[in-house]
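Numbering (the numbering used here), first residue to last: 1 to 140. From the three backbone atoms N, C-alpha and C, an ideal C-beta is built for every residue, glycine too.
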Amino acid sequence: ILYNSQKIAGILIETSLLGSRFDYVIAGMGINVNQQDFPWSLVNASSIRKITGQFTDLQKFNEHLLSQIAQHYHQDYLLGEQIHQDYLQYLYRFDLWSDYHDHQGHFRGCIQDVNEYGHLIMLDTHQNVREYAFKEVVYL
């Protein structure tokens, strides 16, 4: 999750395959809440405290976050397509022409959708549709 191009949260997903099937999937979330100092290598990292200038009570924050997750989980179940549209609305650089890099090199593209596998569906300037899994394309 970015705020003014600074990362304040992220999601980690780890999977293990057993042959051609999933053995397990672990999903985690990290949110920079009260952190003020970051390693020099994390030039675009920030936190809620750095943005607001205020200390956040972690217990209240966690209770509110879990409540919101539960609420949206139930909405996802009932309103799948609406959730997909909401996701696209907040997707960074969605429907905006930008510079990217993939295994073939630099190109200009526009994110059009995210499919059921979580792959970005992009259109390039030659009207070619491109599909990318996690970390297969980089925004420049």
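Would you kindly work out how many angstroms separate the C-alpha atoms of residue i and residue j, rounded to a whole number?
i: residue 123; j: residue 130; result: 6 Å
i: residue 134; j: residue 94; result: 16 Å
i: residue 141; j: residue 28; result: Outside the displayed range of the chain (1 to 140) lies residue 141, so it cannot be described from this structure.
i: residue 3; j: residue 60; result: 21 Å
i: residue 119; j: residue 15; result: 16 Å
i: residue 49; j: residue 6; result: 13 Å
i: residue 65; j: residue 84; result: 20 Å
i: residue 63; j: residue 19; result: 39 Å
i: residue 74; j: residue 81; result: 13 Å
i: residue 69; j: residue 105; result: 38 Å
i: residue 72; j: residue 44; result: 28 Å
i: residue 38; j: residue 132; result: 30 Å
i: residue 88; j: residue 67; result: 22 Å
i: residue 13; j: residue 30; result: 11 Å
On the DSSP bridge assignment, give the partners of residue i in chain order.
i: residue 22; result: 17
i: residue 113; result: 121
i: residue 9; result: 31
My assumption, with CB atoms under 8 Å, is that residue i sits in contact with residue j. Please give the rounded CB distance.
i: residue 112; j: residue 121; result: 5 Å
i: residue 58; j: residue 99; result: Going by Cβ atoms, the distance from residue 58 to residue 99 rounds to 38 Å, so no, they are not a contact pair.
Residue i and residue j: beta carbons closer than 7 Å?
i: residue 8; j: residue 46; result: yes
i: residue 52; j: residue 34; result: no
i: residue 137; j: residue 86; result: no
Looking only at its own chain, which residues have a Cβ that is under 6 Å from the Cβ of residue i, when we skip the five neighbours before and after it?
i: residue 25; result: 15
i: residue 32; result: 8 and 47
i: residue 10; result: 30
So, at 7 Å on beta carbons, what are the nonlocal neighbours of residue i in its own chain, with the 5 sequence-adjacent residues on each side left out?
i: residue 117; result: none
Can you list, in chain order, the residues of its chain with a C-beta nearer than 8 Å to that of residue i? Leave out the 5 residues immediately preceding and following it.
i: residue 91; result: 111 and 114
i: residue 108; result: 97, 98, 99, 100, 124 and 125
i: residue 22; result: 15 and 16
i: residue 36; result: 47, 49 and 50
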